[in-house]
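Residue numbers (this note's numbering), protein chains in the order written: chain Z, 3 to 408; chain U, 24 to 357.
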């Protein structure tokens, strides 16, 4: 350490940074001018979850379409999206940049449960709309404690209720066995299912078995469930364990009515590895049109989406469900902004987000509608059951509304 | 040397003053970023002791950062212990863990040690999920930002800025004293030629393990500070990339240089953001260009580069000193 320059150079570096800092301008309505609305977003464009990054891109593509068609009530949407690499500290930094420096009117579709958990408190302290977050956790529907945060897709508890309703209706005398992952995700499903059964019917559950995500196998749990004489099996597992559970159930000759959570409903990563024969007659709950399902090929919502993709996001994959997801949620956001009219204050954006009535989105299953209210921050709460026929999921029965609003 | 004392002191003092003035001119967002720079700088100094001064490679310092962060978060969340008390606990715990890890690691050299530490970085996020009762599993732990004590009129961002800065100054002062004295010479001697060092009576095994421990302690304290500044910990916060990032910071800033840790921290905090501003489509390609550019233009890191420039600029005034001041510390660290 013989040279002397480093401290001086550091002073210089800090000085440059001071100059770079932009003083926050005072505005009556933050993030909105006569010609534009600023909407902020973070997505994992790099890192372990970068496969989801396409959602951030397809949203940008849809807002471009909206702008090309004249914008929302004459204002263009200025969509600012940053990469957070699915790393919560980076999410905090990028979101603070969006809120404090870019001065966005609202945050929209930030992706992932951990990244959103990291900014949950901050957004509500700053009173900035934190809308339609891309995660299935239930905690986003808590308007009393977190009035600025709202979820989007059906959460795990909602889905648990759907299965419970189906069991009560079709198998009123069932003995139910449950396998669940011992963490927030598994317990969310379990809680929804038990709440759906209600106090009177909770005793229908004859055995609950859990596993840790670090366990190598769940074979013994499956054997225990079979020996409990359960004839209905609610399978709350992530893909790796779902494969094991489906196989083992089949191999030991247990033939329960088998409900499989939507998390593991993928043909490619679960049903095929588990064996299509063993997967036959599984039941799951769906809320979106599967973009690879041939039954929607002539559906207007689907063909519109394909046309949009070809024009505005040609590099996006047409067999990636995430691109359908992003399209749906971008349409919902645009709807909320339209509904705001000329009052784009953060309060009104939140008020309108909590006042969506019977909105249909092109890639939701027919009949499923988005509904919110000041006490209900879970936009999609309907799902339809589907049975696996050995090749694909066949929708059956009516739509289930988790809270029987209809 | 006495001639260079005064400007050095003036430089350090003006730096200190400038840093203390920042909270009153910068936005809260910038302060948050600078708090992160200081945290990274502490972690990088820790890594620098190990890699730069002692010649041991680590691709796993993100693991110690994570342990520090979780120790702090669990203490705050479970037992309501003030964040200030969690810092020494995190430091001591990481010291012990680092020391214990350093013992078997003695048998590994160079790339093999790098791989062994890499396995730490890979394992820790998963292990954190296993102790869900304490760590909150993959959902992590949500914390509150501390408010300024004693009725100080500072917002949490300003206060945390001062806290991280004070810890930085303290740890850099301690580190400088450690590295410039007898112990520091022993550490460097082990790096340069460990047989010769042993012949001179240095207990290389003990020193290497101790450096590992101290290095881990610095990084652990940095992690503990980050828990308060981010106000959230989760396994996803401490992925493998964090370890690599710290190594990048330490090399770019300047190995075996104390001020280099700050330059490295500035680099890893701001350059990825600039890269993203330049190109949304391929930010990491831009980052890579920056990285190669820096390595090419400043092979001894930013600190080494500045030192060379300074020497060139002052050569006419103090020729003898200038010539001998070519960074001798940096060039043997490959």
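Virtual Cβ for every residue (Gly too), placed ideally from N, Cα, C.
- Under the rule that 16 or more other beta-carbon atoms within 10 Å means buried, what is residue 201 of chain Z, buried or exposed? As a first step, residue 201 of chain Z is located in the first chain; it is residue number 199 there, counting from the start. With fewer than 16 other Cβ atoms within 10 Å, it is exposed.
- Query: Terminal residues of the continuous alpha helix (DSSP H) containing residue 71 of chain U?
  - Reply: Stepping through the second chain from its first residue, residue 71 of chain U is reached at position 48. Run containing residue 71 of chain U: 51-71, per the alpha helix (DSSP H) assignment.
- Comparing alpha-carbon positions, which option in U:217, U:290 and U:93 lies nearest residue 163 of chain U? As a first step, residue 163 of chain U must be located in the second chain, where it is residue number 140. Comparing Cα positions, the closest option is U:93.
- Message: Against chain Z, does residue 338 of chain U count as a neighbour if the rule is that its beta carbon must be under 8 Å from one of theirs?
- Response: By 1-based counting over the second chain, the position of residue 338 of chain U is 315. No, residue 338 of chain U lies away from the interface with chain Z (no Cβ there is under 8 Å from its Cβ).
- Message: Please list, in chain order, the chain U residues whose beta carbon lies closer than 9 Å to that of residue 214 of chain Z.
- Response: Translated into the one-based positions of the first chain, residue 214 of chain Z becomes position 212. Residues of chain U passing the Cβ test: 152, 153 and 155.
- Item | Contact list for the stretch 154-185 of chain U against chain Z, Cβ threshold 7 Å | 155, 160, 161, 162, 163 and 165
- Message: In whole angstroms, give me the CA-to-CA distance for residue 336 of chain Z and residue 342 of chain Z.
- Response: Reading the first chain from its first residue, position 334 is the one you call residue 336 of chain Z. Reading the first chain from its first residue, position 340 is the one you call residue 342 of chain Z. Going from the Cα of residue 336 of chain Z to the Cα of residue 342 of chain Z covers about 10 Å.
- Message: Cβ closer than 9 Å: which chain U residues qualify as neighbours of residue 185 of chain Z?
- Response: Here residue 185 of chain Z refers to the residue found at position 183 when the first chain is read from its first residue. Result: 152, 155, 160, 161 and 162.
- Message: Let's test the definition: count the other Cβ atoms within 10 Å of the Cβ of residue 306 of chain U and tell me whether it reaches 16, buried, or not, exposed.
- Response: Taking the first residue of the second chain as 1, we reach residue 306 of chain U at position 283. Burial check for residue 306 of chain U: the Cβ neighbour count within 10 Å reaches 16 or more, so the residue is buried.
- Query: CA-CA distance, residue 275 of chain U and residue 290 of chain U?
  - Reply: Locating residue 275 of chain U in the second chain gives position 252, counting from the first residue. Locating residue 290 of chain U in the second chain gives position 267, counting from the first residue. Each residue's Cα considered, the two are about 8 Å apart.
- Item | Own chain residues within Cβ distance below 8 Å of residue 389 of chain Z, not counting five before or after | Mapped onto the first chain, residue 389 of chain Z falls at position 387. Contacts found: 283, 284, 285, 395, 396 and 398.
- Message: Let me see if you follow: with CB-CB separation under 8 Å, is residue 85 of chain Z close to chain U or not?
- Response: One-based indexing of the first chain puts residue 85 of chain Z at position 83. At least one chain U Cβ lies under 8 Å of residue 85 of chain Z.
- Contact list for residue 253 of chain U against chain Z, beta-carbon separation under 9 Å: The count along the second chain starts at 1 and reaches residue 253 of chain U at position 230. Chain Z residues near residue 253 of chain U: 90, 91, 94, 95 and 120.
- For residue 116 of chain Z, count neighbouring Cβ atoms within 10 angstroms of its own Cβ and tell me buried if that reaches 16, exposed if not. Taking the first chain and counting its residues from 1, the one referred to as residue 116 of chain Z is at position 114. Using a 10 angstroms sphere on the CB of residue 116 of chain Z, the tally of other CB atoms reaches 16 or more, which defines it as buried.
- Query: Tell me, which residues are paired with residue 113 of chain Z by DSSP?
  - Reply: For the purposes of this step, residue 113 of chain Z is taken as the residue at position 111 of the first chain. DSSP, once it has assigned bridges, lists Z:136 as partnering residue 113 of chain Z.
- Query: Nearest-angstrom Cα distance between residue 129 of chain U and residue 222 of chain U?
  - Reply: As a working mapping, residue 129 of chain U is identified with position 106 in the second chain. As a working mapping, residue 222 of chain U is identified with position 199 in the second chain. In a straight line, the C-alpha of residue 129 of chain U is about 18 Å away from that of residue 222 of chain U.
- chain U residues whose Cβ lies nearer than 7 Å to that of residue 102 of chain Z: Within the first chain, numbered from 1, the residue matching residue 102 of chain Z stands at position 100. Ordered by position in chain U, the residues that pass the 7 Å Cβ test against residue 102 of chain Z are 50, 51 and 52.
- Just curious, the beta strand (DSSP E) that residue 38 of chain Z is in, first and last residue? Sequence index remark: in the first chain, residue 38 of chain Z carries index 36 (1-based). Where residue 38 of chain Z is concerned, the enclosing beta strand (DSSP E) stretches over 38-45.
- Sequence-distant residues of the same chain with beta carbon closer than 6 Å to residue 235 of chain Z, five excluded per side: In the first chain, counting from the first residue as 1, residue 235 of chain Z sits at position 233. Result list for residue 235 of chain Z: 179, 258 and 260, in chain order.
- How would you call residue 46 of chain Z, buried or exposed, if buried means at least 16 neighbouring beta carbons within 10 angstroms? One-based indexing of the first chain puts residue 46 of chain Z at position 44. Buried is the call here.
- Beta-carbon gap between residue 244 of chain U and residue 91 of chain U smaller than 8 Å: Here residue 244 of chain U is taken as the residue at index 221 of the second chain, counted from 1. Here residue 91 of chain U is taken as the residue at index 68 of the second chain, counted from 1. Yes, the Cβ-Cβ distance between residue 244 of chain U and residue 91 of chain U is below 8 Å.
- residue 278 of chain Z: beta carbon under 7 Å from a heavy atom of the ligand HEM? Of ligands this structure carries none, so the ligand HEM is not represented either.
- Query: Is the Cβ of residue 200 of chain U closer than 8 Å to any Cβ of chain Z?
  - Reply: Reading the second chain from its first residue, position 177 is the one you call residue 200 of chain U. Not one chain Z Cβ lies under 8 Å of residue 200 of chain U.
- Item | Test item: CB-CB of residue 325 of chain Z and residue 56 of chain Z under 8 Å | For this step, residue 325 of chain Z is matched to residue 323 along the first chain. For this step, residue 56 of chain Z is matched to residue 54 along the first chain. Yes. Within cutoff.
- For residue 370 of chain Z versus residue 401 of chain Z, is the C-beta spacing smaller than 8 Å? On the first chain, residue 370 of chain Z is found 368 positions in, with the first residue counted as 1. On the first chain, residue 401 of chain Z is found 399 positions in, with the first residue counted as 1. Cβ atoms of residue 370 of chain Z and residue 401 of chain Z: closer than 8 Å.
- Message: Cutting at 7 Å between CB atoms, please list the residues of its own chain near residue 125 of chain U, excluding the five before and the five after it.
- Response: Residue mapping note: residue 125 of chain U aligns to position 102 of the second chain, counting from 1. So the qualifying residues of the chain are 231, 232, 235 and 236.
- Whole-angstrom C-beta distance between residue 314 of chain Z and residue 141 of chain Z, which should lie under 8 Å: Start at 1 with the first residue of the first chain, and residue 141 of chain Z comes out as number 139. Start at 1 with the first residue of the first chain, and residue 314 of chain Z comes out as number 312. The Cβ separation is near 33 Å, so there is no contact.
- Message: So residue 249 of chain U contacts chain Z; which residues on that side make the cut at Cβ distance below 8 Å?
- Response: To locate residue 249 of chain U, count along the second chain from 1; it is residue 226. In chain order: 91.
- Message: So, for residue 223 of chain Z: in the same chain, excluding its five sequence neighbours on each side, which residues have a beta-carbon less than 7 Å away from its beta-carbon?
- Response: In the first chain, the residue the question calls residue 223 of chain Z occupies position 221. The residues are 181, 211 and 213.
- Task: Could you confirm whether any beta carbon from chain U is found closer than 8 Å to the beta carbon of residue 271 of chain Z?
- Result: For the purposes of this step, residue 271 of chain Z is taken as residue 269 along the first chain, with counting starting at 1. Not one chain U Cβ lies under 8 Å of residue 271 of chain Z.
- Whole angstroms is fine: what's the gap from residue 96 of chain U's alpha carbon to residue 108 of chain U's? The residue given as residue 96 of chain U occupies position 73 in the second chain. The residue given as residue 108 of chain U occupies position 85 in the second chain. Distance between the alpha carbons of residue 96 of chain U and residue 108 of chain U: 11 Å.
- Task: For chain Z, find out if any of its Cβ atoms is closer than 8 Å to the Cβ of residue 322 of chain U; answer yes or no.
- Result: Residue numbering aside, residue 322 of chain U sits at position 299 when the second chain is read from its first letter. No, residue 322 of chain U lies away from the interface with chain Z (no Cβ there is under 8 Å from its Cβ).
- Of the listed residues Z:378, Z:32, Z:229 and Z:383, nearest to residue 109 of chain Z (C-alpha basis): Start at 1 with the first residue of the first chain, and residue 109 of chain Z comes out as number 107. Checking every option, the nearest Cα to that of residue 109 of chain Z belongs to Z:32.
- Query: Along chain Z, which residues have their Cβ under 8 Å away from the Cβ of residue 257 of chain U?
  - Reply: Along the second chain, read from residue 1 onward, the residue named residue 257 of chain U stands at position 234. Within chain Z, the residues near residue 257 of chain U are 90, 116, 119 and 120.
- Query: For residue 121 of chain U, which option in U:106, U:143 and U:110 has the closest C-alpha, if you only look at C-alpha atoms?
  - Reply: For the purposes of this step, residue 121 of chain U is identified with residue 98 of the second chain, where counting begins at 1. Residue 121 of chain U has its Cα closest to that of U:143, out of U:106, U:143 and U:110.
- From Z:76, Z:149 and Z:329, pick the residue whose C-alpha is nearest to that of residue 126 of chain Z; which is it? Working through the first chain from its first residue, we reach residue 126 of chain Z at position 124. The shortest C-alpha separation from residue 126 of chain Z is found at Z:149.
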